[in-house]
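Structure first, then comments.
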Amino acid sequence: MTRFIWHAVRLLAAFLVAGMAVGLAFTIVSLPPASPELALTVADNMTKSGVSHPVTAVLLNFRGYDTLLEMAVLLLALVGTWSLAPIQEMPPVTPVAVLDSLTRLLTPLIMLTVGYLLWAGAHAPGGAFQAGALLAALGVLLNLTGWRLPIDATQCYLRAIMAAGLIAFLLAAANGWVHGMHFFSYPHDQAHMLIQFIETFATLSIGITLFTLFLLGRTAPH
Amino acid sequence: MVTALLYGLTGLGLFALGLYALITQTHLLRKLLAINVLGGGIFLVLGGLTRRLADNLIDPVPHAMVITGIVVDIAATALGLAIVMRIHALTGHTTLPEERE
Amino acid sequence: MTLIYLMITCFLFLTLMAGMWRILRGPTAADRMLAAQLFGTTAVAILLILAQLAEQPAFRDAALLLALLATVTVVAFVHRAWQTISESEDESS
Amino acid sequence: METLTALTLAFDVLLALLLLLTAGFALFGRNLFRAIVLYIAFGLLLALVWIRLDAPDIALAEIAIGAGLTGALLLSAWARLERSDDNQAADESSQSGQDQTRTPH
Numbered sequence: 001m002t003r004f005i006w007h008a009v010r011l012l013a014a015f016l017v018a019g020m021a022v023g024l025a026f027t028i029v030s031l032p033p034a035s036p037e038l039a040l041t042v043a044d045n046m047t048k049s050g051v052s053h054p055v056t057a058v059l060l061n062f063r064g065y066d067t068l069l070e071m072a073v074l075l076l077a078l079v080g081t082w083s084l085a086p087i088q089e090m091p092p093v094t095p096v097a098v099l100d101s102l103t104r105l106l107t108p109l110i111m112l113t114v115g116y117l118l119w120a121g122a123h124a125p126g127g128a129f130q131a132g133a134l135l136a137a138l139g140v141l142l143n144l145t146g147w148r149l150p151i152d153a154t155q156c157y158l159r160a161i162m163a164a165g166l167i168a169f170l171l172a173a174a175n176g177w178v179h180g181m182h183f184f185s186y187p188h189d190q191a192h193m194l195i196q197f198i199e200t201f202a203t204l205s206i207g208i209t210l211f212t213l214f215l216l217g218r219t220a221p222h
Numbered sequence: 001m002v003t004a005l006l007y008g009l010t011g012l013g014l015f016a017l018g019l020y021a022l023i024t025q026t027h028l029l030r031k032l033l034a035i036n037v038l039g040g041g042i043f044l045v046l047g048g049l050t051r052r053l054a055d056n057l058i059d060p061v062p063h064a065m066v067i068t069g070i071v072v073d074i075a076a077t078a079l080g081l082a083i084v085m086r087i088h089a090l091t092g093h094t095t096l097p098e099e100r101e
Numbered sequence: 001m002t003l004i005y006l007m008i009t010c011f012l013f014l015t016l017m018a019g020m021w022r023i024l025r026g027p028t029a030a031d032r033m034l035a036a037q038l039f040g041t042t043a044v045a046i047l048l049i050l051a052q053l054a055e056q057p058a059f060r061d062a063a064l065l066l067a068l069l070a071t072v073t074v075v076a077f078v079h080r081a082w083q084t085i086s087e088s089e090d091e092s093s
Numbered sequence: 001m002e003t004l005t006a007l008t009l010a011f012d013v014l015l016a017l018l019l020l021l022t023a024g025f026a027l028f029g030r031n032l033f034r035a036i037v038l039y040i041a042f043g044l045l046l047a048l049v050w051i052r053l054d055a056p057d058i059a060l061a062e063i064a065i066g067a068g069l070t071g072a073l074l075l076s077a078w079a080r081l082e083r084s085d086d087n088q089a090a091d092e093s094s095q096s097g098q099d100q101t102r103t104p105h
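Chains as they are written, first to last, in full-length UniProt numbering: chain S, 1 to 222; chain P, 1 to 101; chain U, 1 to 93; chain A, 1 to 105.
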């Protein structure tokens, strides 16, 4: 009997989802042409933004609040995983010669690319998120190949680095008050420097936070 | 822009697939995959719909929003996985109690 | 020239389809993982050609990132999943 | 010129189809490990779509996160689940044999 109900529920869900998808598809097809207004507004204000790449300008200047809150969400996710009970550490990995030399080769290359992406963000695709994610991937690689990274939740300096992105963002935003402007408005001549400042710390924070999230919680000794 | 519309509709398809899987699949890892596919679909709809502007004019605002979304998505996935691990450690199951047979 | 690039892209895409078949069929986990790696390698090639086609050098950055990060998944597979799979196979045999 | 448009469209349609196919198999296939590998492939295809939509920023983020982090995260979590399942099975079989010698905890 429960099996029958289960099948009925599945069928109902399929109908509802399909119906919604068809309705949304009609909506999408019949939408009026996209309005270029927003793109033009961004293009008009690019000279004030402090960078020459529009996506970076939107992320760190025009819609800075979004990015600020996103950094906070990352930290919240980390607090969430840490507030669960500690998990068992995976058994130690036996070092393999091939992987060892591979990581020795790859680590400087990836670090170089992290720096490149961070630098490129000002004028080309790239920026703090991509660089931070790459940094986290490097941490994952090193962790998986048996390098013991000094990542321990109790260490104060680690928590400081994790919060550094958020703090740098808030400092840069509060800088507007110092200059008699609104919260989150950068003085024209400092905009480039402030964005670089935020991005550098944000890269570090995002990298370390994402890597720590990868560990799936505080690890308990084996 | 046929391409943009095509990918927008693909995103819609992914959204529907993900939503259906989220409702019907019982394994929690599978549910997390479903949430990720669903999210990717929504991002594609957003990207596809705003790409229908005249050529060479690209709207950076949705791009920035999608990048933010992707990072939030991975954070949510990691938190979800940690919770799945906890559920598994406590109950030995990888499904929700109300969905066990 | 554009035509040749486009044809190569479509051809590379067909090889992706072949890789997809291998992921679906298996038979072992290693086959599936290697097919996914083939996906990555082919995607690098497609990205490079698209960069040439669209004259967007930024696409090459994406290819670079993909080439660098392909190792992470493989190492995760070898060190975590493969050990688990071979252990459970040892127990069952 | 027409051949070019047709080829581009063919590529786009193929990419969209493969994307849907990968997602479908990842979500509804039986084998969970296969689903995770398919999800990794799905991330790569999604990055290609973002390139086709002229969004290299998103493609970079998708590659860095989809190819590097999510894949490793899922594989690692899957291995943990499988491993503890095996351990539990081993514990139960050994416990049924020598139940008295063990102190309950």
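Glycine included, every Cβ here is placed at the ideal spot set by N, Cα and C.
Every value quoted in this text rests on a predicted model; they were computed, and no experiment measured them.
Could one say the Cβ of residue i lies closer than 8 Å to chain A's Cβ atoms, at least one of them?
i: residue 52(U); result: no
i: residue 36(S); result: no
i: residue 214(S); result: yes
i: residue 136(S); result: yes
i: residue 13(U); result: yes
i: residue 58(P); result: yes
i: residue 3(P); result: yes
i: residue 80(U); result: yes
Exposed or buried, which one is residue i when buried takes at least 16 other CB atoms within 10 Å?
i: residue 21(U); result: exposed
i: residue 86(S); result: exposed
i: residue 98(S); result: exposed
i: residue 44(S); result: exposed
i: residue 83(A); result: buried
i: residue 48(S); result: exposed
i: residue 65(S); result: exposed
i: residue 70(S); result: buried
i: residue 9(A); result: exposed
i: residue 186(S); result: buried
i: residue 53(S); result: buried
i: residue 3(A); result: exposed
Which of helix, strand or coil does DSSP assign to residue i?
i: residue 93(A); result: Confidence in residue 93(A) is poor, its pLDDT being 48 and thus under 50, which makes the residue's placement too unreliable to answer from.
i: residue 58(P); result: coil
i: residue 248(S); result: The structure shown does not extend to residue 248(S), since chain S is modelled only from 1 through 222, so no value can be given for it.
i: residue 52(U); result: helix
i: residue 88(S); result: strand
i: residue 224(S); result: One cannot answer for residue 224(S) here, as it falls past the ends of chain S, which runs 1 to 222.
i: residue 102(A); result: Its pLDDT being 36, under 50, residue 102(A) is placed unreliably by the model, and nothing is read from it.
i: residue 43(U); result: helix
i: residue 184(S); result: coil
i: residue 103(P); result: No information on residue 103(P) is available, as it lies outside the stretch 1 to 101 that chain P covers here.
i: residue 36(P); result: helix
i: residue 72(U); result: helix
i: residue 37(A); result: helix
i: residue 93(U); result: Low local confidence applies: a pLDDT of 41 at residue 93(U) is under 50, so the model's placement there is unreliable, with the coordinate-based value given in what follows. Three-state result, residue 93(U): coil.
i: residue 122(S); result: coil
i: residue 147(S); result: coil
i: residue 216(S); result: coil
i: residue 175(S); result: helix
What does residue i touch in chain C if you count any residue whose Cβ is under 7 Å from its own?
i: residue 33(U); result: Of the chains in the structure shown, none is chain C; the protein chains are S, P, U and A.
Distance cutoff 8 Å, beta carbons only. Does residue i sit that close to anything in chain U?
i: residue 110(S); result: yes
i: residue 57(S); result: no
i: residue 166(S); result: no
i: residue 7(A); result: yes
i: residue 106(A); result: The structure shown does not extend to residue 106(A), since chain A spans only 1 to 105, so no value can be given for it.
Any beta carbon from chain S within less than 8 Å of residue i's own beta carbon?
i: residue 16(A); result: no
i: residue 71(U); result: yes
i: residue 64(U); result: yes
i: residue 110(A); result: Summary: the structure shown does not reach residue 110(A), with chain A confined to residues 1 through 105, and so no result is reported for it.
i: residue 9(P); result: yes
i: residue 16(P); result: yes
i: residue 105(A); result: Bear in mind that a pLDDT of 38 at residue 105(A), under 50, signals an unreliable position, so the number given afterwards is only what the model happens to contain. For residue 105(A), the answer is no, since every Cβ of chain S falls outside 8 Å of its Cβ.
i: residue 6(P); result: no
Can a CB atom of chain P be found closer than 8 Å to the CB of residue i?
i: residue 3(A); result: no
i: residue 109(A); result: The question about residue 109(A) has no answer, for chain A in this structure spans 1 to 105.
Quiz item: When the Cβ atoms of the stretch 154-174 of chain S are set against those of the stretch 12-24 of chain P, are three or more pairs found closer than 8 Å?
Solution: Result no; under three Cβ-Cβ pairs closer than 8 Å.
Quiz item: With contact counted as at least three CB pairs below 8 Å, one residue from each stretch, are the stretch 70-78 of chain S and the stretch 65-83 of chain P in contact?
Solution: Of all C-beta pairs linking the stretch 70-78 of chain S to the stretch 65-83 of chain P, three or more are shorter than 8 Å, placing the two stretches in contact.
Quiz prompt | Cβ pair count under 8 Å reaching 3, the stretch 64-75 of chain U against the stretch 190-205 of chain S | solution = With a cut-off of 8 Å, the stretch 190-205 of chain S and the stretch 64-75 of chain U do not count as touching, because too few Cβ pairs lie within range.
Quiz item: If contact means a Cβ-Cβ distance below 7 Å, which residues of the stretch 117-133 of chain S contact chain P?
Solution: Those would be 129, in chain order.
Exercise. Report the residues of the stretch 64-89 of chain P with a CB closer than 9 Å to any CB of chain A, ordered along the chain.
Key: Cβ proximity to chain A below 9 Å picks out 64, 66, 67, 70, 71, 73, 74, 77, 78, 81, 82, 84, 85, 88 and 89 from the stretch 64-89 of chain P.
Practice problem: Assess, as a yes-or-no matter, whether the stretch 47-67 of chain U is touched by the stretch 15-34 of chain U under the definition of 3 or more beta carbon pairs within less than 8 Å. | Solution: They do not touch, by the three-pair rule.
Self-check item: Inter-stretch contact (C-beta, 8 Å, three-pair minimum) for the stretch 103-111 of chain S and the stretch 19-36 of chain P
Solution: Output reads no: the stretch 19-36 of chain P does not touch the stretch 103-111 of chain S.
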